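In our numbering, the protein residues as written are 2 to 330.
Reading through the structure tokens given below for one structure.
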Ligand code: ATP
Ligand code: SF4
């Protein structure tokens, strides 16, 4: 049995309260195991970023977590609920145990400071007692780790390519040897070749260093290549979860199938590219029944009135769709 590191249970997050609230994440369950890359995919607006911000308590107002728990299993065998942890304890866990690289982080590098200063600042903030020399050595080691020559240490961010800046962000995330790295669309600003090189580096580092990754993107073909397991989100809910290869071979949910047909895969058998007609629902006025039914090419009579729950289907797969009813024990 694989060791669990993070258990999200019933996480519900909205923007605002009351009837006008945007229900961006609804009752999501997710498990991250030690050393695995868990991919989270879905169209823009499906709630991926809200989930990442909500589970790490970094959600800016008017975002509110209205339910659920996020259990983090520490190395000593104890567990804490991140949603209920005192602020000071949570701050200690961030970066040292759980590092987060959010969308646009690449632009958050300080343009007037050298890379060395910025890496050393991260190290200084979390281990103030370490001698300066040791921090410099560590900064050099981190750059090497992400495939950047150490003579770039004294460069300013504008002197680096987008791909190199992204690698610096990964180096920063890994500075304190976290056990979990959460990355939200970290490579979307880069071209596909550089995106893949960076993800390859990340996956190689994961194998060497043993951390776990939650990788968020709308590009399912990237996840199929680089993650072990994939959870597909639609309208704030996880609608299918499977091993990457299994999902690629036989997506069960029509939305997963549509997403797979929306991006050309660089590897594996060819698929016709079709895309998904229509657009995601307004989260303040969700359709009745299955949220995907207005766009679903395979909708059944039951789909517009009854909501399918995520459960184990007869094929022993985790899916929320009336085409694959939950197996009766
Ligand atoms: P993207 O890939 O575009 O980042 P996403 O899947 O990460 O999309 P979220 O950014 O989590 O989706 O957004 C989920 C829903 O919450 C969307 O419908 C979005 O419009 C809504 N939302 C996000 N931020 C706010 C906000 N500050 N106020 C109101 N609604 C918001
Ligand atoms: Fe389509 Fe119905 Fe399955 Fe929803 S439950 S994805 S509408 S078949």
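Ideal Cβ positions, reconstructed from N, Cα and C, are used throughout, including at glycine.
Predicted, not measured: the structure shown is a model, and the values here were computed from it.
When rounded, the separation of the alpha-carbon atoms in residue 287 and residue 29 is 17 Å.
In this structure, DSSP gives residue 10 an extended state, which the three-state scheme calls strand. Going by C-alpha positions, residue 66 is about 12 Å away from residue 22.
Note: residue 241 is bridge-paired with 233 and 320 in the DSSP secondary-structure output. Between residue 228 and residue 180, the C-beta gap is not smaller than 8 Å, which leaves the two residues out of contact.
Minimum Cα-Cα distance from residue 99 among the listed residues 16, 312, 140 and 81 corresponds to 81. With a threshold of 7 Å, the Cβ atom of residue 309 counts as near the ligand SF4, since some heavy atom of the ligand is closer than that. A Cβ-Cβ contact shorter than 8 Å links residue 220 with residue 264.
At least one heavy atom of the ligand ATP sits closer than 7 Å to the Cβ of residue 47. Less than 8 Å separates the beta-carbon of residue 120 from that of residue 140.
Under the three-state reduction of DSSP output, residue 310 falls in the coil class, being neither helix nor strand.
Among the bridge pairs identified by DSSP, residue 16 is matched with 23 and 64.
Residue 110 places its beta carbon 8 Å or farther from that of residue 63. For residue 82, the enclosing beta strand (DSSP E) covers residues 80 to 82. C-alpha of residue 255 to C-alpha of residue 160: approximately 45 Å in a straight line. For residue 199, DSSP records no beta bridge to any residue. Rounded to whole angstroms, the separation of the alpha carbons of residue 156 and residue 176 is 18 Å. Residue burial annotation: residue 257 is buried, with at least 16 other C-beta atoms found within 10 angstroms of its C-beta.
Residue 49 counts as buried, since no fewer than 16 other beta carbons sit within 10 angstroms of its beta carbon. Cβ-Cβ distances below 6 Å link residue 276 to 263 in the same chain, with the five nearest sequence neighbours on each side left out; the list follows chain order. Take residue 13, set aside five residues on each side of it, and the residues of its chain with a beta-carbon closer than 8 Å to its own are 24, 26, 27, 28, 29, 66, 67, 68 and 69, in chain order.
In this chain, the alpha helix (DSSP H) harbouring residue 225 covers 221 to 227. Only residues of its own chain outside the window of five on either side were considered, and among them 213 and 229 have a CB closer than 6 Å to the CB of residue 37, listed in chain order.
Chain-ordered, the residues whose CB falls short of 5 Å from any heavy atom of the ligand SF4 come out as 255, 291, 293, 294, 297, 299, 300, 304, 309, 322, 323 and 324.
Going by beta carbons, residue 294 and residue 283 fall outside the 8 Å limit. Annotation: the continuous alpha helix (DSSP H) that includes residue 257 extends over 255 to 261. Checking the 7 Å criterion, the Cβ of residue 16 is within range of a heavy atom belonging to the ligand ATP. No residue range can be given for residue 47, since it is assigned to no beta strand (DSSP E) and is classified by DSSP as neither H nor E.
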